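**Q**
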DNA sequence: TTCCATTATGTTATCGATAACATGTTATCG
DNA sequence: CGATAACATGTTATCGATAACATAATGGAA
């Protein structure tokens with residue numbers, strides 16, 4: 008049983024009193040300000056140590072109008088990609104001396120978005136990382152609202168827009184790599200299983216596939232593509248559909264590894280040999296993909312790095328604003344790379 | 008290019024001035040205090056709306072000594088389990104009106120732990136959720152330090168200790184279920200691939216396996232177990248080792264699904280039929296496990312729910328302390344359940 | 001009619017720190 | 001040796017809100 012005993016917080020006044028100096032002097036010692044005599048400094052430091060004094064970041068944030076806190080708005084944390092990005096975000100934030108105030112979006116409607124933004128601003132965050140995938144028109148609010156947010160906002164995984172800072176994996180170029188690779192392996196009838204088509208990332212991956220085929224003089228018509236929703240279950244459905252609409256299929260570029268997993272399984276069941284009769288390439292490069300049977304060729308993206316770079320980027324923005332410098336708004340891209348494994352090449 | 012234009016924050020003073028009342032009255036309106044005349048209330052509300060005033064949670068936290076913020080300390084976010092737990096944490100926190108201040112532990116040494124705790128306390132969190140798996144002696148600090156932390160601390164995934172609130176999945180009983188199931192299917196030579204043995208969860212799962220076998224009068228000696236580190240790669244290694252030390256193996260309980268994945272693959276390669284010649288059961292119940300080939304029997308734990316309940320628990324603790332009630336410290340457990348699929352039963 | 005509870009609002013203190021300014025003491029230099 | 005810069009420290013104002021207390025008007029109950 009825990010007794011509800013309460014110790015009062017040790018404040019700067021307690022220290023000042025115990026050391027026989029003013030609070031300002033204690034503050035100077037804590038912030039390593041130069042003009043403090045060695046003698047005083049030591050005396051104060053001893054008291055700080057004895058009392059176990061730790062300054063209240065909260066109070067400091069209030070007076071300095073700066074919290075060294077970044078608001079992170081996430082969506083779909085239950086998926087592994089976003090959560091690994093968050094990992095990168097957390098690590099880099101730590102390294103640069105920032106804390107993270109987290110909000111997971113439950114709905115994507117404008118009201119909840121407004122509420123989330125307000126609650127972050129009310130807590131004086133120095134910047135906001137919008138780590139929510141772009142789906143449908145869920146970026147419309149941005150046009151009206153962005154200018155009136157008094158701190159920098161950085162968008163992850165968004166279609167580049169003028170005057171809006173963003174950072175994303177280059178999904179298009181990843182898809183091109185994968186499709187190109189299938190072509191180089193000699194496959195000609197290359198289908199695609201896409202993600203949900205209202206997701207920007209899904210569109211980009213599909214565009215990479217179709218552009219590459221068209222450029223090679225091949226067909227990329229709609230019957231050669233089926234839509235999933237990222238889940239393995241939907242991947243299975245989409246694959247079955249594709250086998251119907253595109254029977255001569257000899258290779259398939261699947262928009263994520265989870266869906267590719269069920270393509271591999273269904274191929275097994277139907278005794279379709281991978282890669283001899285059907286090559287399969289995925290996207291994401293989840294660690295398990297190396298242990299699929301057969302191991303999966305996939306476009307490896309580095310969500311961890313995406314997270315790290317996004318913190319670096321927003322901290323640059325915060326510092327620029329702090330120092331009243333102007334700042335060039337960019338859309339940054341991170342290049343993925345292709346990992347070739349058994350599912351597309353005969354070892 | 009973004010112009011470094013800065014709008015001044017609208018404060019309670021601005022509202023008070025514009026509405027011709029005192030700040031106290033504005034505060035009363037914002038907090039729905041009763042003794043305000045309808046006329047005044049409306050006047051203030053109009054001004055609030057016009058100016059777009061939002062109270063500073065920061066300032067409020069300072070005076071009220073209460074931030075409605077919970078510190079969450081995580082470790083291993085890059086793994087899917089912890090990140091889904093975080094998802095549950097985030098959702099429930101939102102529902103109960105709390106924000107999350109996040110810190111990912113990089114090292115597990117005492118210094119970094121101390122630093123993390125201090126930085127959370129300096130930001131006036133109302134409670135701390137220690138979502139770090141128990142590994143080796145990384146809970147030793149707790150004995151000395153816990154009592155001196157002025158806010159409630161709840162530990163996730165920890166061996167129950169007297170007077171320390173904790174919440175965890177019941178790994179032991181999950182392991183018992185899986186092993187029991189294998190026994191019921193008629194397998195007699197049941198091996199185990201464990202997680203890293205300094206993890207509490209790994210120990211519990213192994214204990215569930217060995218206890219069940221011993222109770223059934225079967226052998227659970229060391230040569231029937233191999234140790235992995237949760238990764239698919241290590242699972243493969245462990246499986247190869249097990250095939251050597253325990254050649255008569257006809258079933259294996261694997262401590263997580265990722266490792267089970269590579270067991271399935273290696274079995275394919277060696278033309279060992281699953282489940283006819285070798286039954287495989289996993290642990291975790293990741294969504295993909297339903298799409299392994301064959302689909303994997305696994306112990307389903309609900310990390311999302313773990314997260315939700317942990318927030319509920321700590322909020323109870325916070326409220327108890329707030330109201331100066333005493334509170335019964337418990338170790339809570341969440342029961343997992345077995346999902347039977349193809350890898351252990353002939354459909 | 002007087003008194004006190006209820007309602008309505010304002011004033012001052014406070015949370016824990018730093019900013020801005022003020023003042024006194026030492027060095028330093030021409 | 002006096003002016004001036006550098007050092008050392010203290011005092012007061014401030015960040016944006018609420019707590020605690022004070023004051024005044026209203027409206028029944030005694």
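Chains as they are written, first to last, in our numbering: chain A, 8 to 354; chain B, 8 to 354.
Using N, Cα and C, we set each Cβ at its ideal position, and we do this for glycine too.
For clarity, every value in this text was computed on a predicted model and none was experimentally measured.
1) For the beta strand (DSSP E) that residue 289 of chain B lies in, which residues bound it at each end?
2) Thinking C-beta only, is residue 51 of chain A closer than 7 Å to residue 2 of chain A?
3) Using the beta-carbon count (16 or more within 10 Å), is residue 150 of chain A buried or exposed?
4) Please tell me whether residue 345 of chain A and residue 306 of chain A are closer than 7 Å, where the distance is taken between their beta carbons.
5) Is it true that the stretch 108 to 120 of chain A meets the stretch 87 to 106 of chain B, where meeting means three or more beta-carbon pairs spaced less than 8 Å apart?
6) Identify each residue in the stretch 105 to 124 of chain A for which the Cβ-Cβ distance to at least one residue of chain B is less than 8 Å, and report them in chain order.
7) Have a look at residue 333 of chain B and residue 45 of chain B and give me their C-alpha separation to the nearest angstrom.
8) Does DSSP put residue 165 of chain A in a helix, in a strand, or in coil?
9) Can you tell me the Cα-Cα spacing of residue 202 of chain B and residue 192 of chain B, whole angstroms?
10) I'd like the list of long-range same chain contacts for residue 164 of chain B, defined as Cβ closer than 6 Å, with 5 residues on each side in sequence excluded.
11) Please check if any C-beta of chain A sits within less than 7 Å of the C-beta of residue 199 of chain B.
12) DSSP beta-bridge partners for residue 339 of chain A?
13) Helix, strand or coil: how does DSSP classify residue 243 of chain B here?
14) Short check: CB of residue 171 of chain A to CB of residue 135 of chain A, under 7 Å?
15) Taking 7 Å as the threshold (C-beta atoms), are residue 268 of chain B and residue 246 of chain B in contact?
16) Within the same chain, show all residues whose beta-carbon is closer than 6 Å to that of residue 362 of chain A, passing over the 5 residues directly before and after it, in chain order.
17) Enumerated in chain order, which unbroken segments of the alpha helix (DSSP H) with a length of 4 residues or greater are wholly contained in the stretch 76 to 161 of chain A?
18) Near residue 43 of chain A, which residues of its chain fall below 7 Å by C-beta distance, leaving aside the five closest residues on each side in sequence?
19) Would residue 233 of chain B and residue 248 of chain B be called neighbours here (beta carbons separated by less than 7 Å)?
20) Taking C-beta pairs closer than 7 Å, name the residues in chain A that residue 94 of chain B reaches, listed in chain order.
21) With a floor of 3 residues, list each beta strand (DSSP E) that falls wholly inside the stretch 307 to 352 of chain A, ordered by position along the chain.
22) So with CB distances below 8 Å, who are the chain B contacts of residue 275 of chain A?
23) Provide the residue span of the beta strand (DSSP E) that contains residue 197 of chain A, from first to last.
24) So which residues on chain B does residue 295 of chain A lean against when the C-beta distance must stay under 8 Å?
25) Please identify the residue among A:194, A:138, A:310, A:186 whose C-alpha is closest to the C-alpha of residue 78 of chain A.
26) Please classify residue 255 of chain B: does DSSP put it in a helix, a strand, or coil?
27) Kindly indicate which three-state DSSP category residue 234 of chain A falls into: helix, strand or coil?
28) Please list, in chain order, the chain A residues whose beta carbon lies closer than 8 Å to that of residue 97 of chain B.
29) What's the C-alpha gap between residue 142 of chain A and residue 166 of chain A?
30) Would the stretch 174 to 189 of chain A count as touching the stretch 286 to 297 of chain A if we require 3 or more Cβ pairs under 8 Å?
31) Determine the DSSP secondary structure at residue 304 of chain B, reduced to helix, strand or coil.
32) Can you tell which of A:294, A:280, A:311, A:313 has the C-alpha that lies nearest to the C-alpha of residue 301 of chain A?
33) Can you tell me whether residue 261 of chain A is helix, strand or coil according to DSSP?
34) Alpha carbon to alpha carbon, how far is residue 133 of chain A from residue 105 of chain A?
35) Going straight from the alpha carbon of residue 58 of chain A to that of residue 70 of chain A, what length do you get?
36) Looking at residue 65 of chain B and residue 238 of chain A, is the spacing between their C-beta atoms short of 7 Å?
**A** So, from the listed chains and residues:
1) Per DSSP, residue 289 of chain B belongs to the beta strand (DSSP E) from 286 to 291.
2) With chain A running from 8 to 354 in the structure shown, residue 2 of chain A is simply not present.
3) In this structure residue 150 of chain A is exposed. Its beta-carbon is surrounded by fewer than 16 other beta-carbon atoms within 10 angstroms.
4) For residue 345 of chain A and residue 306 of chain A, yes; Cβs fall inside 7 Å.
5) Short answer: they touch.
6) Within the stretch 105 to 124 of chain A, the qualifying residues are 106, 107, 108, 109, 110, 111, 113.
7) Distance between the alpha carbons of residue 333 of chain B and residue 45 of chain B: 40 Å.
8) Residue state, collapsed to three classes: coil.
9) Rounded to whole angstroms, residue 202 of chain B to residue 192 of chain B spans 24 Å at the Cα level.
10) Excluding residues within five positions, the ones whose Cβ falls inside 6 Å are 140, 175.
11) Using a CB distance cut-off of 7 Å, residue 199 of chain B does not count as an interface residue toward chain A.
12) Paired residue(s): A:174.
13) In the structure shown, the three-state DSSP call for residue 243 of chain B is helix.
14) Result no, Cβ atoms of residue 171 of chain A and residue 135 of chain A do not sit closer than 7 Å.
15) Not a contact, by the Cβ cut-off of 7 Å.
16) Missing from the structure shown is residue 362 of chain A; chain A here goes from 8 to 354 and no further.
17) The DSSP assignment places 87 to 102, 117 to 129, 147 to 152 as complete runs of the alpha helix (DSSP H) inside the stretch 76 to 161 of chain A, in order along the chain (cut-off: 4 residues).
18) Within the same chain, Cβ atoms closer than 7 Å to the Cβ of residue 43 of chain A are found at 32, 35, 36, the five residues on either side in sequence being excluded.
19) Their beta carbons are under 7 Å apart, which means residue 233 of chain B touches residue 248 of chain B by this criterion.
20) Within 7 Å of the CB of residue 94 of chain B, the CB atoms of chain A belong to 84, 85, 111, in sequence order along the chain.
21) Taking only runs of at least 3 residues, the beta strand (DSSP E) segments lying wholly in the stretch 307 to 352 of chain A are 338 to 341, 344 to 346.
22) The answer, in chain order, is 300.
23) Looking at the DSSP string, the run of the beta strand (DSSP E) that includes residue 197 of chain A is 197 to 201.
24) Within chain B, the residues 239, 265, 268, 295 have their CB atoms less than 8 Å from the CB of residue 295 of chain A, given in chain order.
25) Comparing Cα-Cα distances from residue 78 of chain A to each of A:194, A:138, A:310, A:186, the minimum goes to A:138.
26) When DSSP states are grouped into helix, strand and coil, residue 255 of chain B belongs to the coil group.
27) In this structure, residue 234 of chain A counts as strand in the three-state DSSP scheme.
28) Those are 81, 84, 109, 110, 111, listed as they occur along chain A.
29) Our two residues, residue 142 of chain A and residue 166 of chain A, have alpha carbons roughly 10 Å apart in a direct line.
30) By the criterion of at least three beta-carbon pairs nearer than 8 Å, the stretch 174 to 189 of chain A is in contact with the stretch 286 to 297 of chain A.
31) In the three-state DSSP reduction, residue 304 of chain B falls in the strand class (E or B).
32) Comparing Cα positions, the closest option is A:280.
33) When DSSP states are grouped into helix, strand and coil, residue 261 of chain A belongs to the strand group.
34) Those two C-alpha atoms are separated by around 9 Å.
35) Distance from the CA atom of residue 58 of chain A to the CA atom of residue 70 of chain A, rounded to whole angstroms, is 24 Å.
36) Against a cut-off of 7 Å, the Cβ pair of residue 65 of chain B and residue 238 of chain A comes out as no contact.
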